[in-house]
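Residue 5 is where the sequence shown starts when you use our numbering, and the numbers rise one by one after that.
The beta-carbon is built from N, C-alpha and C at its ideal position, and this holds for glycine as well.
Structure, as C-alpha coordinates:
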Amino acid sequence: MKEKSKITKVYLKQIDNIEQLDFIFELCPYMEYFKVGFINLLDIQLFFHTIFNNIKYNNHHPNSLCLNIPTADDKILEDIKETIKYENLSPPFIIKRVLDNVYLKWK
(Lines of atoms letter the chains of each structure in order from A and count residues from 1; the text may use other names and numbers.)
(Lines give C-alpha, C1' and ligand atoms only; values in the text may rest on other atoms or scores of the structure.)
Protein backbone atom coordinates (compact mmCIF):
# COMPACT_ATOMS: atom_id res chain seq x y z
CA MET A 1 0.00 0.00 0.00
CA LYS A 2 1.51 3.26 -1.08
CA GLU A 3 -0.92 5.49 0.77
CA LYS A 4 -1.30 4.92 4.50
CA SER A 5 -4.49 5.82 6.31
CA LYS A 6 -4.54 8.34 9.13
CA ILE A 7 -6.94 6.21 11.20
CA THR A 8 -6.07 6.47 14.90
CA LYS A 9 -8.92 4.53 16.56
CA VAL A 10 -9.89 1.02 15.57
CA TYR A 11 -12.65 -1.16 17.02
CA LEU A 12 -13.21 -4.65 15.65
CA LYS A 13 -16.09 -6.80 16.76
CA GLN A 14 -14.07 -9.95 16.14
CA ILE A 15 -10.69 -11.20 14.95
CA ASP A 16 -10.53 -14.70 13.54
CA ASN A 17 -6.88 -15.06 12.54
CA ILE A 18 -3.45 -13.49 12.81
CA GLU A 19 -3.52 -12.36 9.16
CA GLN A 20 -6.41 -10.02 10.00
CA LEU A 21 -4.37 -8.54 12.82
CA ASP A 22 -1.36 -8.00 10.56
CA PHE A 23 -3.62 -6.38 7.96
CA ILE A 24 -5.04 -3.91 10.51
CA PHE A 25 -1.56 -2.88 11.65
CA GLU A 26 -0.46 -2.48 8.02
CA LEU A 27 -3.56 -0.49 7.10
CA CYS A 28 -3.50 1.77 10.18
CA PRO A 29 0.11 2.64 11.07
CA TYR A 30 -1.03 5.69 13.07
CA MET A 31 -3.40 3.70 15.26
CA GLU A 32 -3.38 4.94 18.86
CA TYR A 33 -6.36 3.01 20.24
CA PHE A 34 -7.18 -0.59 19.38
CA LYS A 35 -10.13 -2.54 20.74
CA VAL A 36 -11.22 -6.06 19.87
CA GLY A 37 -14.63 -7.28 21.00
CA PHE A 38 -13.95 -10.99 20.54
CA ILE A 39 -10.74 -12.86 19.78
CA ASN A 40 -11.62 -16.10 18.04
CA LEU A 41 -8.17 -17.65 18.36
CA LEU A 42 -7.00 -20.65 20.30
CA ASP A 43 -3.52 -19.24 20.87
CA ILE A 44 -3.87 -15.97 22.77
CA GLN A 45 -0.09 -15.85 23.30
CA LEU A 46 0.46 -15.79 19.53
CA PHE A 47 -2.06 -12.95 19.32
CA PHE A 48 -0.11 -10.85 21.84
CA HIS A 49 3.22 -11.81 20.29
CA THR A 50 1.96 -10.52 16.92
CA ILE A 51 0.77 -7.24 18.44
CA PHE A 52 4.05 -6.71 20.28
CA ASN A 53 6.10 -7.53 17.18
CA ASN A 54 4.14 -4.92 15.23
CA ILE A 55 4.84 -2.41 17.96
CA LYS A 56 8.53 -3.27 18.17
CA TYR A 57 9.56 -3.90 14.56
CA ASN A 58 7.06 -1.93 12.50
CA ASN A 59 7.13 1.20 14.61
CA HIS A 60 3.43 1.04 15.54
CA HIS A 61 2.76 2.63 18.89
CA PRO A 62 -0.82 2.42 20.08
CA ASN A 63 -1.39 4.26 23.35
CA SER A 64 -3.89 1.68 24.50
CA LEU A 65 -5.29 -1.74 23.72
CA CYS A 66 -8.59 -3.14 24.93
CA LEU A 67 -9.23 -6.82 24.33
CA ASN A 68 -12.24 -8.87 25.32
CA ILE A 69 -10.88 -12.17 26.61
CA PRO A 70 -13.57 -14.16 28.45
CA THR A 71 -10.95 -16.59 29.77
CA ALA A 72 -8.75 -13.81 31.17
CA ASP A 73 -7.35 -14.49 34.61
CA ASP A 74 -4.33 -13.42 36.65
CA LYS A 75 -2.13 -15.96 34.86
CA ILE A 76 -2.92 -14.42 31.47
CA LEU A 77 -2.04 -10.99 32.85
CA GLU A 78 1.29 -12.32 34.13
CA ASP A 79 1.93 -14.01 30.76
CA ILE A 80 1.28 -10.70 28.99
CA LYS A 81 3.69 -8.90 31.33
CA GLU A 82 6.34 -11.55 30.71
CA THR A 83 5.83 -11.30 26.95
CA ILE A 84 6.22 -7.51 27.10
CA LYS A 85 9.38 -7.95 29.15
CA TYR A 86 10.71 -10.61 26.77
CA GLU A 87 10.00 -8.41 23.73
CA ASN A 88 11.85 -5.49 25.38
CA LEU A 89 8.96 -3.12 24.83
CA SER A 90 9.22 0.30 26.33
CA PRO A 91 7.79 0.50 29.82
CA PRO A 92 6.08 1.93 31.73
CA PHE A 93 2.68 0.52 30.97
CA ILE A 94 -0.47 -0.27 32.86
CA ILE A 95 -2.18 -3.62 32.48
CA LYS A 96 -5.45 -4.47 34.15
CA ARG A 97 -8.42 -6.75 33.81
CA VAL A 98 -12.00 -5.58 34.26
CA LEU A 99 -14.47 -8.45 33.93
CA ASP A 100 -13.72 -9.99 30.50
CA ASN A 101 -11.65 -7.05 29.22
CA VAL A 102 -7.88 -6.74 29.37
CA TYR A 103 -6.53 -3.18 29.08
CA LEU A 104 -2.96 -2.25 28.21
CA LYS A 105 -2.01 1.40 28.28
CA TRP A 106 1.40 2.89 27.70
CA LYS A 107 2.20 6.03 29.70
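Buried or exposed by the 16-neighbour rule on C-beta atoms within 10 Å, applied to residue i
| i | result |
| --- | --- |
| L103 | exposed |
| F27 | exposed |
| P66 | buried |
For residue i, the three-state DSSP class (helix, strand or coil)
| i | result |
| --- | --- |
| Y34 | coil |
| L29 | According to the sequence shown, residue 29 is Phe rather than Leu. Correct three-state label for F29: helix. |
| I99 | strand |
| K6 | The predicted model places K6 with a pLDDT of 46, which falls under 50 and marks its position as unreliable; any figure quoted below should be read in that light. Note: K6 maps to coil in three-state DSSP. |
| I11 | coil |
| K109 | strand |
| K39 | strand |
Supposed contact pair residue j and residue i - C-beta distance, whole angstroms, cut 8 Å
| i | j | result |
| --- | --- | --- |
| G41 | L16 | 7 Å |
| F52 | I84 | 6 Å |
| K10 | Y37 | Actually they do not touch by this definition, with Cβ atoms about 14 Å apart. |
Contained beta strand (DSSP E) runs [length at least 3] in the region 41-83, N- to C-terminal order
Every unbroken stretch of the beta strand (DSSP E) spanning 3 or more residues and falling wholly within the region 41-83 is given here in chain order: 68-72.
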